[in-house]
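Just below is one structure, and these are the notes that go with it.
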Amino acid sequence: MKIKQANALIDRLEDILPQTQCTKCGYPDCRAYAQALATGEVRPNRCPPGGVEGIRRLSAALEPIFPQDAFAQNPVIVPECGEERTRAIAFIDPKQCIGCTLCIQACPVDAIVGASKQMHVVLDQWCTGCDLCLPPCPVDCITMIEVSNHQTGWDAWSAELADEARSRYHSRSLRLDREIRDNEERLAKKAAAKLTVVNAERPDSEEAKKEQDRKRAIIAAAIARAAQQK
4 MKIKQANALI
14 DRLEDILPQT
24 QCTKCGYPDC
34 RAYAQALATG
44 EVRPNRCPPG
54 GVEGIRRLSA
64 ALEPIFPQDA
74 FAQNPVIVPE
84 CGEERTRAIA
94 FIDPKQCIGC
104 TLCIQACPVD
114 AIVGASKQMH
124 VVLDQWCTGC
134 DLCLPPCPVD
144 CITMIEVSNH
154 QTGWDAWSAE
164 LADEARSRYH
174 SRSLRLDREI
184 RDNEERLAKK
194 AAAKLTVVNA
204 ERPDSEEAKK
214 EQDRKRAIIA
224 AAIARAAQQK
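Using my numbering, count along the sequence shown one by one with no gaps and you end on 233.
Pasting the structure below:
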């Protein structure tokens, strides 16, 4: 498959996915699952949020290259990925929350707000129900509340919600990348300043000179790592 054609298929498959970024499919995000689907690495039965309807949509998109007719007629989510279910949003019990920020770090769409040692709150309109905030919570103060009136899969979701979730996921990824770069830049400046201080030292013994060289090597390694990140 040509690169342009392959990318177009990946884009189309990604558009079909619900963008909950839940990782239940076994891949780090919806885009990664779409890429695996496009290569024939996996079948379109690993997305519980998309459910049966999602399998049918993915199968239809894949049919011209990877025939899925027989499979699409009897769609079932593979058990290891979970099951199609109603849509739910996370709720944090304010009486139990200890403000550890672990759920904030886990949320793929920045739908949880709060500060260290302060109560956290879930922004209902942005929560995708991915469940990723549940495992890291040390006090089990998060529960999932059903909000789709017993509807499941795509009947409980919408293209608008998917688009919003994807936009927020991309924004979060860009923010995290920026924070990493900013931190590396701060560390590089700190290392450069430290190197200036070390170079200004005038060791009065062989042992002191070795210590100076050791410091230089450590700082040089830190600067090299920062440069590699850029």
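The beta carbon of each residue, even a glycine, is placed where N, CA and C say it ideally should be.
Ordered list of beta strand (DSSP E) runs contained in the region 101-151, each at least 3 residues: Fully contained in the region 101-151 are the following beta strand (DSSP E) runs of length 3 or more, in chain order: 145-149.
Contact under 8 Å by Cβ, I222 with A191: Not a contact, by the Cβ cut-off of 8 Å.
Spatial neighbours of T155 in its chain, beta-carbon cut-off 8 Å, leaving aside the 5 residues before and after: Same-chain partners within the cutoff: G54, E87, R88, T89, R90.
Spatially closest choice to I101 from P67, E83, V142, by CA coordinates: Comparing alpha carbon positions, the residue from P67, E83, V142 closest to I101 is V142.
T26, DSSP secondary structure in three states: In this structure, T26 counts as coil in the three-state DSSP scheme.
T42, DSSP secondary structure in three states: Of the three classes helix, strand and coil, the one that applies to T42 here is coil, per DSSP.
Bridge-paired residues (DSSP) for I92: I148, per the DSSP bridge assignment.
Straight-line Cα distance separating Q215 from A224: When rounded, the distance between both Cα atoms is 14 Å.
C-alpha gap between K197 and Y172, whole angstroms: K197 and Y172: Cα-Cα distance of roughly 37 Å.
Closest Cα partner of V81 within the set S62, L105, A227, N48: For V81, the closest alpha carbon among the candidates S62, L105, A227, N48 is that of N48.
Integer-rounded CB distance, given that V125 should sit under 8 Å from I92: Between I92 and V125 a beta carbon distance of about 7 Å is seen, short of the 8 Å cut, so the two are scored as contacting.
Opposing strand residues paired with T155 [DSSP bridges]: T89.
Below-8 Å beta-carbon distance, A41 vs any chain D residue: In summary, chain D is missing from the structure at hand, where a single protein chain is found.
Exposure label - E17; buried when at least 16 CB within 10 Å: Result: buried.
For I183, the three-state DSSP class (helix, strand or coil): DSSP places I183 in helix when its eight states are reduced to three.
Nearest-angstrom Cα separation, counted from C144 out to K120: Taken atom to atom, the span from the alpha-carbon of K120 to that of C144 is near 14 Å.
Same chain, Cβ closer than 6 Å to C136, neighbours up to 5 away in sequence not counted: Same-chain partners within the cutoff: A93, C106, A109, C110, I145.
Closest Cα partner of M122 within the set E209, V112, K98, Q128: With distances taken between Cα atoms, M122 lies closest to K98.
Collapsed DSSP secondary structure at D207 in the structure displayed: Coil.
Burial state of S170, where buried means 16 or more other Cβ atoms lie within 10 Å: Exposed is the call here.
Same chain, Cβ closer than 6 Å to C130, five either side skipped, listed in chain order: Here the set comprises I92, A93, A114.
Simplified DSSP state of K2, which is helix, strand or coil: Outside the shown range of the chain, which is 4 to 233, sits residue 2, and nothing can be said about it.
Beta carbon of I19 nearer than 8 Å to that of R46: R46 sits away from I19, with the two beta carbons spaced by 8 Å or more.
Pairwise C-alpha distance: L179 and A211: In a straight line, the C-alpha of A211 is about 41 Å away from that of L179.
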